[in-house]
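*Asks:*
Residue numbers (the numbering used here): 1 to 526.
#1: Measuring alpha carbon to alpha carbon, tell me which of 292, 147, 266 and 256 ends up nearest residue 276.
#2: Alpha carbon to alpha carbon, what distance is there between residue 364 and residue 80?
#3: Near residue 94, what residues of its chain come up, given a Cβ to Cβ distance below 6 Å and the 5 sequence neighbours on each side ignored?
#4: In the DSSP assignment, the alpha helix (DSSP H) including residue 293 goes from what residue to what residue?
#5: With 16 as the cutoff for other CB atoms within 10 Å, does residue 31 come out buried or exposed?
#6: Which residues mark the beginning and the end of the beta strand (DSSP E) in which residue 201 is found?
#7: On a CA-only basis, which of 188, 187, 252 and 165 is nearest residue 205? Give me that one, please.
#8: For the putative contact between residue 315 and residue 405, defined by C-beta atoms under 8 Å, what is the C-beta separation to the nearest angstrom?
#9: Using the C-alpha atoms, what's the distance from residue 144 back to residue 262?
#10: Check whether the segment 454-470 and the segment 480-493 are in contact - that is, three or more C-beta pairs closer than 8 Å.
#11: Starting from residue 183 and walking both ways along the alpha helix (DSSP H), at which residues does that stretch end?
#12: Hey, would you say residue 90 sits closer than 7 Å to residue 43, going by beta carbons?
#13: To the nearest angstrom, report how far apart residue 141 and residue 107 are at their CA atoms.
#14: Based on the DSSP output, what are the partners of residue 40 in its beta bridges?
#15: Cα separation between residue 92 and residue 101?
#16: Which value, in whole angstroms, describes the spacing of the CA atoms of residue 169 and residue 77?
#17: Assign residue 306 to one of two classes, buried (16 or more other C-beta atoms within 10 Å of its C-beta) or exposed (fewer than that).
#18: Grouping DSSP H, G and I as helix and E and B as strand, with all else coil, what is residue 65?
#19: Ignoring anything shorter than 4 residues, give me the alpha helix (DSSP H) runs that lie fully in the segment 441-516, in order along the chain.
#20: In chain order, what residues of the same chain lie with their CB nearer than 6 Å to the CB of residue 137, ignoring the 5 residues before and after it?
#21: Within 10 Å of its beta-carbon, does residue 302 have 16 or more other beta-carbons around it, so buried, or fewer, so exposed?
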């Protein structure tokens, strides 16, 4: 460890840093749904996560950040899940279900499905989900027996959240995926697991099988990452969907009379209303934050680190009365600004105590000073998005990445922003300023050439931040493997309900990435 980082070990997050080692790391953000392979069925899966790790190690990439991988039901938005615990069955690697390798006919069906679904340039969630659940059901029929039954019984016994999720997931199907608030007490939350196990045993068993398989496969990916010296970073959304197994079961932990959002600003005159309930923090505290602790403890089976989405919400959350359509008529809770620091610090200390995963905090946007001060005090990295890191209280010029503090994660773009090539094309003044910082004279033009793209990556890679983590599109683009209009390679446009959101798939398969030694060695030498 470089002696200049030793001070971090003396912070609250010090033990978490010690576990992974304090050193500069270079990583990628790769939404799991975006990974493409010849064996994957129209979407990235746990097997693709396992398979991309050797390529990463060869390319000198030692961290992969995922977006949330929880079960979203019929939704495509990874931040609106049916469960804060359950993983999404769409991420099962069907050809790697334990024991399935001896059933050649089944493996043939899986490959035929992969060949069909992989013709789609984007993720077709309906087709993928339908095909995977059908094949999961077939796999369960082939593998079912005393040994599997014993393994799944043990799994249920170990996971306190699982019976409630299974009941909720089956009821959602029975009720046409309507909200639990429309079930009119036809199902008793306290007896639903036993009741549904008797009335719909096959569906209950199917979703249990899916969770059991997902657990095995993601644990295997984490273990493979450790063998290769790679870290896996998960994403823990701060909010939980109102229509979720967690809120159905634990209504006392959530405020159902209000929703969370964001206040009006220069970008959104009406603010934002996310529709998520806020937390009843006194109720959580009374239970020693058991729900949060268990959530993080389950996630640490799969991840070494995790991104805290919207960390400022732990300090203060924009709160809106239920029924309001916009975020205009809201207020911050706690209302007393003087307690924001203590409120956020106590919650972050609880999260550090609950898990050995190292948290990183998404602290973008308008953030009170006390939030970033607390993160630095505790030893938790915030984010540095190069295009937004300016001297806002001075000349408003871009801050050179070399000046970023070590306790930060530097990047060029996010899943909610344009990738670098699109930003470069559409922002003349910032482009010229950045080009001058790189030694160019005048305007290099709106088309980001490969040499300049690589130069910018090297520039950010040499930042002062301990973590430099780029969207996978940036690396593919720098080596000419991101064809067409750069706007087509954006993951999400916030505030807009678009069919293209959350559906981007890599134009390169993992097999092609492994074979492209020019790109692999080039990335390693950046």
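Beta carbons are placed, not taken as given, at the ideal position from N, Cα and C, and that holds for glycine. Owing to the predicted nature of the structure, the values given are computational and were not obtained by experimental measurement.
*Replies:* In brief:
#1: Locating residue 276 in the chain shown gives position 276, counting from the first residue. Checked all of 292, 147, 266 and 256; the closest Cα to residue 276 is 256.
#2: Along the chain shown, one-based indexing puts residue 80 at 80. Along the chain shown, one-based indexing puts residue 364 at 364. Taking the straight line joining both Cα atoms gives about 20 Å.
#3: In the chain shown, residue 94 corresponds to position 94, counting from 1. Result list for residue 94: 110 and 135, in chain order.
#4: For the purposes of this step, residue 293 is taken as residue 293 along the chain shown, with counting starting at 1. Segment 290-299, the alpha helix (DSSP H) holding residue 293.
#5: Here residue 31 refers to the residue found at position 31 of the chain shown. It is buried - the Cβ of residue 31 has at least 16 other Cβ atoms within 10 Å.
#6: Position 201 of the chain shown, counting from 1, holds the residue named residue 201. Where residue 201 is concerned, there is no enclosing beta strand (DSSP E), although the alpha helix (DSSP H) it sits in stretches over 201-228.
#7: Counted from its first residue, the chain shown places residue 205 at position 205. Comparing Cα positions, the closest option is 165.
#8: For the purposes of this step, residue 315 is identified with residue 315 of the chain shown, where counting begins at 1. For the purposes of this step, residue 405 is identified with residue 405 of the chain shown, where counting begins at 1. Actually they are not in contact, since the Cβ atoms of residue 315 and residue 405 sit about 19 Å apart, beyond 8 Å.
#9: To locate residue 262, count along the chain shown from 1; it is residue 262. To locate residue 144, count along the chain shown from 1; it is residue 144. Their Cα atoms are separated by approximately 48 Å.
#10: no
#11: As a working mapping, residue 183 is identified with position 183 in the chain shown. Segment: none, residue 183 is in no alpha helix (DSSP H) and carries neither H nor E.
#12: Residue 90 sits at position 90 when you count from the first residue of the chain shown. Residue 43 sits at position 43 when you count from the first residue of the chain shown. Going by C-beta atoms, residue 90 is nearer than 7 Å to residue 43.
#13: One-based indexing of the chain shown puts residue 141 at position 141. One-based indexing of the chain shown puts residue 107 at position 107. Rounded to the nearest angstrom, the two C-alpha atoms are 14 Å apart.
#14: Taking the first residue of the chain shown as position 1, residue 40 is located at position 40. In DSSP, residue 40 forms no bridge with anything.
#15: Counting from one through the chain shown, the residue named residue 92 turns up at place 92. Counting from one through the chain shown, the residue named residue 101 turns up at place 101. Taking the straight line joining both Cα atoms gives about 15 Å.
#16: Residue mapping note: residue 169 aligns to position 169 of the chain shown, counting from 1. Residue mapping note: residue 77 aligns to position 77 of the chain shown, counting from 1. The straight-line gap from Cα to Cα measures roughly 17 Å.
#17: For the purposes of this step, residue 306 is taken as the residue at position 306 of the chain shown. Flag for residue 306 reads buried.
#18: Your numbering for residue 65 matches position 65 in the chain shown. Residue state, collapsed to three classes: strand.
#19: 450-461, 472-478 and 510-515
#20: Within the chain shown, numbered from 1, the residue matching residue 137 stands at position 137. So the list reads 206, once near-sequence residues are dropped.
#21: Taking the chain shown and counting its residues from 1, one reaches residue 302 at position 302. Residue 302 is buried by the Cβ-count criterion.
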